[in-house]
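Visitor: Counting with full-length UniProt numbering, you get residues 414 to 710 for the letters of the sequence shown.
One structure is given below, represented as structure tokens, and several questions about it will come after.
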Amino acid sequence: ATPTALLVGTGRGAQLGILIKGPEVLESTRRVDTVVLDKTGTVTTGVMTVHDVTSAAGVDAEQLLRVAGAAESGSEHPIGRAIAAAAGDRAGLLPSVRDFANVEGRGVTATVADAGHDLEVLVGRPSLMADRGLEVDADLEVARVAGEQAGRTVVLVAWDGIVRGLVTVGDAVKDTSAEAVAQLKRLGLTPVLLTGDNATVAHQVAAEVGIERVIAEVLPQDKVAVIAGLQRDGKVVAMVGDGVNDAAALAQADLGLAMGTGADVAIEAADLTLVRGDLRAAVDAIRLARRTLTTIK
Ligand code: ADP
Ligand code: MG
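Shown next, in the form of structure tokens:
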């Protein structure tokens, strides 16, 4: 095939807000049958806000948010940023922090000097607490389940070996996502939602945009294995993602699409970049590839 039609395709791509690494990219685009969508920042806005703060009996809710916010102040994760921002708004100056560590796909740990005491703080998903042998008391467990059922991501806060409370955070589905999913289906493609978030939240978001297949609670390093698994099942997989922890999966996919609003490493790993972060551009890219290759024949 002469590459002329492909180059025309890439020029048209730029007009549609799609940056294409090379003309050969469109060839794999044409064969795609499965489109894996990262949840946070891809289907949803990725801009998290804190909704509720619940403390265990005998724990001051102000202190809970202040300590959690301090522990998260070094975090680059949207959840960590939301908690640190909410705590800063409420408390003003946050307590000082030492020994901050990020636990990939789970949360953070830090030493926080609050009210004259050094607290060994953990902030993160339930599995982070379980891994360290910490239990959640019955009242907090009720609040945790309620938060998840409300479609929030629940983040537990512990210090000195006791779970002291929880913070619920959430973001909203982008208003273009449902339309993009409907268009993908009309092209005969199967959308799959992939996320590290909990299954309840994942299914809520999926239902909101019309996705039936959900793969939730996937650790960052396991996203690439999910893509490889689909490929082993004979699928030709496009992956759309935005995060640092999507980069390996984007590279593994037959076609990697990065949100232009996302992390640089994701954009570098991808074959295509959706400049405006609008999922409908992914559909445009697939249509463009099909049309371009029809022109060649
Ligand atoms: P996604 O795949 O949806 O982008 P991640 O893999 O980044 O999600 O995170 C998975 C889960 O790990 C989050 O839903 C959250 O429960 C927890 N988590 C990750 N980072 C943090 C953090 N800094 N603070 C609290 N919880 C976190
Ligand atoms: Mg993401």
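Virtual Cβ for every residue (Gly too), placed ideally from N, Cα, C.
With ALA651 and ALA661 assumed to form a contact (beta carbons below 8 angstroms), what rounded beta-carbon distance in angstroms separates them?
Guide: About 15 angstroms; that fails the 8 angstroms criterion.
Visitor: Can you give the beta carbon distance from VAL580 to VAL463, rounded, assuming they're within the 8 angstroms contact cut?
Guide: With 8 angstroms as the limit, VAL580 and VAL463 qualify as a contact, their Cβ atoms being about 6 angstroms apart.
Visitor: For the candidate residues ALA497, ILE575, ARG443, GLY675, whose alpha-carbon lies nearest to that of GLY601?
Guide: Comparing Cα-Cα distances from GLY601 to each of ALA497, ILE575, ARG443, GLY675, the minimum goes to ARG443.
Visitor: Would the beta-carbon of ALA470 fall within 8 angstroms of that of GLY482?
Guide: Not closer than 8 angstroms, so no.
Visitor: Please identify the residue among VAL614, VAL536, GLN428, LEU478 whose C-alpha is closest to the C-alpha of ASP584.
Guide: Answer by Cα proximity: VAL614.
Visitor: Can you tell me whether HIS616 sits near ligand 1, meaning its C-beta is under 7 angstroms from at least one heavy atom of the ligand?
Guide: It does not: the Cβ of HIS616 is nowhere closer than 7 angstroms to a heavy atom of ligand 1.
Visitor: Suppose you measure from the CA of THR457 to the CA of LEU692; what does that come to, to the nearest Å?
Guide: Roughly 10 angstroms separates the two Cα atoms.
Visitor: Taking only runs that begin and end inside the stretch 511-565, name each unbroken beta strand (DSSP E) of 3 or more residues, in chain order.
Guide: Counting whole runs of 3 or more residues, the stretch 511-565 contains the beta strand (DSSP E) stretches 520-527, 530-537.
Visitor: Please go through the stretch 642-688 and give each complete alpha helix (DSSP H) segment of 4 or more residues, from N-terminal end onward.
Guide: The qualifying runs are 660-665, 677-682.
Visitor: What does a CB cutoff of less than 8 angstroms around ARG479 pick up in its chain, not counting 5 residues either side in sequence?
Guide: Only ALA500, ARG503, ALA504, LEU507, PRO508, ASP527 meet the Cβ criterion.
Visitor: Quick one: what's got a C-beta closer than 6 angstroms to MET461's C-beta in the same chain, skipping five residues either side?
Guide: If we look at MET461 and ignore the five residues flanking it on each side, its Cβ neighbours are PRO491, ILE492, ALA495, VAL582, ASP584.
Visitor: According to DSSP, is HIS616 part of a helix, a strand, or is it coil?
Guide: Three-state DSSP puts HIS616 in a helix.
Visitor: Measure the Cβ-Cβ separation of GLY673 and ALA682 and say whether it is below 8 angstroms.
Guide: Not a contact, by the Cβ cut-off of 8 angstroms.
Visitor: ASP451 lies in the beta strand (DSSP E); which residues open and close that run?
Guide: Its beta strand (DSSP E) spans residues 447-451.
Visitor: Of all the options ALA474, LEU535, ALA563, ALA676, which has the alpha carbon lying nearest to the alpha carbon of VAL653?
Guide: When each option's Cα is compared against that of VAL653, the closest is ALA676.
Visitor: Are GLY487 and VAL510 touching if we call contact CB-CB under 8 angstroms?
Guide: It is a contact, given that the beta carbons lie within the stated cut-off.
Visitor: For a test of your reading of the model: does the CB of ASP584 fall under 7 angstroms from any non-hydrogen atom of ligand 4? Yes or no.
Guide: In the structure on display, ligand 4 does not appear, and the ligands it does have are ligand 1 and ligand 2.
Visitor: Can you list, in chain order, the residues of its chain with a C-beta nearer than 6 angstroms to that of ASN658? Leave out the 5 residues immediately preceding and following it.
Guide: So the list reads PRO633, once near-sequence residues are dropped.
Visitor: With distances taken between CB atoms, is the gap from GLY564 to GLN617 smaller than 8 angstroms?
Guide: Yes. Within cutoff.
Visitor: Could you check whether the Cβ of ILE492 sits closer than 7 angstroms to any heavy atom belonging to ligand 1?
Guide: Yes, ligand 1 has a heavy atom inside 7 angstroms of this Cβ.
Visitor: Answer yes or no: the CB of GLY609 versus the heavy atoms of ligand 1, is any distance below 7 angstroms?
Guide: Yes, since a heavy atom of ligand 1 falls inside the 7 angstroms radius drawn around the Cβ of GLY609.
Visitor: For LYS598, which residues from the same chain have a beta carbon less than 8 angstroms from its beta carbon, with the 5 sequence-adjacent residues on both sides left out?
Guide: So the list reads PRO604, GLY623, once near-sequence residues are dropped.
Visitor: What first and last residue would you give for the alpha helix (DSSP H) that runs through THR442?
Guide: THR442 -> alpha helix (DSSP H) spans 438-444.
Visitor: If VAL576 and MET542 are in contact, beta carbons under 8 angstroms, what's the gap, nearest whole angstrom?
Guide: Rounded, the Cβ-Cβ distance is 6 angstroms, consistent with contact.
Visitor: With the cut-off set at 8 angstroms, would you say LEU685 and ILE431 are in Cβ contact?
Guide: Yes, the pair counts as a contact, with Cβ atoms nearer than the cut-off.
Visitor: Closest by CA to ASP552, which one among SER468, GLU561, ALA523?
Guide: Of SER468, GLU561, ALA523, the residue nearest in Cα terms is SER468.
Visitor: Helix or strand or just coil, what does DSSP make of PRO604?
Guide: Looking at PRO604 - three-state DSSP - the assignment turns out to be strand.
Visitor: Of all the options ASP531, ASP512, GLY574, which has the alpha carbon lying nearest to the alpha carbon of ALA523?
Guide: If we check each option's Cα against that of ALA523, ASP512 comes out closest.
Visitor: Check for me: the beta strand (DSSP E) holding VAL463 runs from which residue to which?
Guide: Start and end: 462-468.
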